[in-house]
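Chains A and B are the protein sequences, given in the same order. Just so we're on the same page, the numbering used here is the position in the first sequence counted from 1, plus 32. Just so we're on the same page, the numbering used here is the position in the second sequence counted from 1, plus 32. Data first, discussion second: the structure below is written as C-alpha cells.
Protein chains: 2
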Amino acid sequence: MAKKGQYIYEYKHPAVTADTVVFGYDGKELKVLLIKRGEEKEAGTSAYVGEWALPGGFMDVDKDKTIAHTAARELKEETGLKLSVKDFKEVGTFSDIDRDPRERVITVAHYALVKLAEVQADTDADKAEWFALDEVPKLAFDHNKILQVASKHLRRDIHFEPVGFDLLPGIFTMPQLQNLYESILGVTFDRRNFANKMKRYNILAEVDDGTPRRGTRTPIRYGFDKKNYDRLKESGFQLEF
Amino acid sequence: MAKKGQYIYEYKHPAVTADTVVFGYDGKELKVLLIKRGEEKEAGTSAYVGEWALPGGFMDVDKDKTIAHTAARELKEETGLKLSVKDFKEVGTFSDIDRDPRERVITVAHYALVKLAEVQADTDADKAEWFALDEVPKLAFDHNKILQVASKHLRRDIHFEPVGFDLLPGIFTMPQLQNLYESILGVTFDRRNFANKMKRYNILAEVDDGTPRRGTRTPIRYGFDKKNYDRLKESGFQLEF
DNA sequence: ACAAAAGTGTTTCAAATACACCCATGG
DNA sequence: CCATGGGTGTATTTGAAACACTTTTGT
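Next comes the structure, spelled out in C-alpha cells:
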C-alpha cells in the first residue's frame, strides 16, 4: 500500500482512481457487483460513506504497473475477488471537474466478466453485493453514469468478443446462452434461428457430462470450442445479432 | 495556463496528459498530424526534445473541465488547430509505469477527424506537419503504440460512425469515398458493389455544384444527407464492409 | 489511338427471417 | 392431463459477391 507522506509538485496533479464494473450472470439476468463505501484509507476526508458504489480506488503510483493493475488490486482489496489484469477491459476516463467533492479526481473505468456461480464463494459478503442491473440503487460519485457506459460497451463488445465464455459456466445449455444474449441486448430471438446461427460458427461442442438426456425437457449441454473460437476471432469475424 | 508553485499531497499523484491523434485525408491516403517536441513548459526537465510526437500535454487541474478539454486546449496551443471538445474521441489510457522518464505520467489518448483541405491553412507549419500513416517516424514516448491503437479504433468505428462526414469535404465523389474506406480498412472493394451498398443507406444525395458533368470521366458529386444519417444512427444501424 | 477513370445491371449464392409441430417431464 | 420447456426443418426474402462492357477524356 502507498506510503503516506508529503509529496510536492510544481504543478497541480489530479488524483487518479480505477473503478470496475463487474458483470455476472446467474442464468436469469445480468448482475453487477457493488460495495458499500466505508472510511477512505487514502484521501484526507471520506466521501459518500455508507452509500453503494463501484469497487475501485486510488492508483498506487509506485507499485501499480498500469491502471489495470490498480483496478485489479482494488477489486481484490474491496471484494475479495481476484481477477487477472487482462480481464479488465477499459471503458473510458471520467474526469468531470466536480465529480469528487474532495479534490480533482479522474477515474479510469473498467469492466470485467465473471462466472457468477464460481465466484460467489470468493466475494466478501460483508462488503460486496450483487445487484440485478435494473435494481441498482443510486450510487456514489458519477458511478451510475459509469455503469451506463460500461453496459453500453458490453452490448457493443458482445458482437466481437466471447462474452459467453466468460459469463457462463464451462458447460451450459442453448437456452442459457440465448437468455444471456437476450439479457445483455434487451431483445428476444427466435429459438431456432438463434441456435442455427450459433452452430454455424462452429464454436460450440456438445458435451456429455453424465447427465442423462431423458427427453426433450432436459436440454443438450454444450461447451465452447476455444480453439475454433480463437481462430474465428483472429480472422476478424463478427458475431452478428 | 497553470500556475507554477508548490503543491503538496499526502499520497503520490501521477501527472496526467491528453494526447491526440488527428487524422486527415487528402483524397489519396490517411495522414496524421505530428509535432516536433520543444522545451517543455511544465515539467522540470524536458524529454524527447527535437523528436516527433503526438500533440498533447498536461492537464490543467483547475481549468480543464474534462480531459477532452485538455486535449482540445493542447492541440490548439501546439498546432493552431481549433476543434470542438466533442470532436475528440477517447481511445484509451496509457499508463505503463516507465513510459515517461521524468515522473509517473499517465496519458489519455484521443483521436479526431478533420477535413484536411479546410484545416491545412490553420495549422502552424512551423511546429506541426502531416505524415502519411505508413511514413510515420519513430515517435517520442509510447506514441507509436498510441497511434496503432487509435488506428484500430478508427477502423472499428468506421462501421458505426460517419467517418466520411468528418474526413471528406462537404462535396465529394464516389471514388473518393470508396478510396477513403479502402485506405482506412486496408482492403479493396468492387466499384459497383460499394456504390450500391452506399446508396441503399440513403445517406448520400447527388449535388449540383455547377461543375459540368461533361462525360463519364468527371465523377458525380455527392453530399451527405445528415438528416437521414442521424435517423439511421439512432435506430442502431451498422455500416458493414 | 490508347490508357485511365467512371458509370451501369444482372446473376448467383449465402444468410436472415418467419413460421408450426412434436415430445417428455413436472405439477 | 395439461402447461411448460425444449427440440427440430423448410420456405421466403434479402443482401453480399462476382462479374464485363461502354463512354469520355487526357496524353
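Where a beta carbon is used, it is the ideal one built from N, C-alpha and C, also for glycine. Treat the numbers as computed from the prediction; the structure is a model and nothing was measured.
query	result
Enumerate in chain order the residues of its own chain whose CB-to-CB distance from A:THR243 is below 8 Å, with the five nearest sequence positions on each side excluded.	THR250, ARG253
Report the three-state DSSP secondary structure of A:THR250 (helix, strand or coil).	coil
Does DSSP put B:VAL219 in a helix, in a strand, or in coil?	coil
By the 10 Å Cβ neighbour count, where 16 or more other Cβ atoms means buried, how is A:PHE192 classified, buried or exposed?	exposed
Can you check whether the C-beta of A:GLN118 is within less than 8 Å of a C-beta belonging to chain B?	For clarity, residue 118 of chain A is Lys in the given sequence; the question names Gln instead. Taking Cβ atoms only, chain B never reaches closer than 8 Å to A:LYS118, which makes this a no.
How would you list, in chain order, the residues of chain A whose beta-carbon sits under 9 Å from the beta-carbon of B:SER183?	The premise fails here: B:SER183 is roughly 15 Å from chain A at the closest Cβ pair, so nothing lies under 9 Å.
So B:SER78 and A:THR98 are supposed to be a Cβ contact under 8 Å. How far apart are they, rounded?	Incorrect: roughly 25 Å between the Cβ atoms, too far for contact.
Take the Cβ of B:GLY82 as the centre, count every other Cβ of all protein chains shown within 10 Å, and call the residue buried at 16 or more, exposed below.	exposed
Taking a contact to mean a Cβ-Cβ separation below 8 Å, would you say B:LEU165 touches B:GLU61 in this structure?	yes
Is there a Cβ from chain A that is less than 8 Å from the Cβ of B:TYR213?	no
Would you tell me roughly how many angstroms separate the C-alpha atoms of A:GLN270 and A:TYR233, rounded to the nearest one?	10 Å
Quick one: grab the DSSP three-state call for B:GLU42.	coil
By how many angstroms is the C-alpha of A:HIS45 removed from the C-alpha of B:GLN208?	45 Å
To the nearest angstrom, how far is the alpha carbon of B:GLU167 from that of B:ASN228?	33 Å
Please determine if the region 112-130 of chain B and the region 149-157 of chain A are in contact, where contact requires at least 3 C-beta pairs separated by less than 8 Å.	no
Using a Cβ-Cβ cutoff of less than 7 Å, which residues in the same chain neighbour A:ALA182 once the five nearest sequence positions on both sides are dropped?	VAL53, VAL123, ALA141, TYR143
B:LYS97 touches chain A at which residues, Cβ-Cβ below 8 Å?	ASP128, ILE129
Can you tell me which of the three DSSP states A:THR155 falls into?	coil
Please tell me whether B:THR250 has its Cβ less than 8 Å away from any Cβ of chain A.	no
Please decide whether B:ASP94 counts as near chain A, where near means a Cβ-Cβ distance under 8 Å.	yes
Pick helix, strand or coil for B:THR102, following the three-state DSSP scheme.	helix
Under 9 Å between beta-carbons, which chain B residues line up against A:ILE40? List them in chain order, please.	GLN38, TYR39, ILE40, TYR41
Enumerate in chain order the residues of its own chain whose CB-to-CB distance from B:ARG187 is below 7 Å, with the five nearest sequence positions on each side excluded.	ILE216, LEU217
Would a check of beta-carbon distances place A:ILE67 closer than 8 Å to chain B?	no
I'd like to know whether the C-beta atoms of B:VAL93 and A:ARG136 end up nearer to each other than 8 Å.	yes
Starting from B:LYS44, find everything on chain A with Cβ-Cβ shorter than 7 Å and list it in chain order.	ALA34, TYR39, VAL93, ASP94
In this structure, how does DSSP classify B:LYS258 when only helix, strand and coil are distinguished?	helix
In whole angstroms, what separates the C-alpha of A:ASP241 from that of A:ASP189?	30 Å
Might you give, ordered along the chain, the residues of its own chain that have their beta carbon closer than 8 Å to the beta carbon of A:PHE197, omitting 5 neighbours on each side?	PHE256, LYS258, TYR261
What would DSSP say about A:LYS265, mapped onto helix, strand or coil?	helix
Chain A beta carbons: is any one of them nearer than 8 Å to that of B:THR125?	yes
Run through the region 147-216 of chain B for me and flag every whole beta strand (DSSP E) of 3 or more residues, listed as ranges in chain order.	160-164
Could you tell me how far apart the beta carbons of B:PHE173 and B:ARG131 are, in whole angstroms, since I believe they sit closer than 8 Å?	6 Å
What are the boundary residues of the beta strand (DSSP E) that includes B:VAL123?	121-126
Quick one: list the residues of chain A neighbouring B:VAL168, beta-carbon separation under 8 Å, in chain order.	Those within 8 Å of B:VAL168 in chain A number zero; the least Cβ separation is about 23 Å.
If we define contact as Cβ-Cβ less than 8 Å, is B:VAL219 a contact residue for chain A?	no
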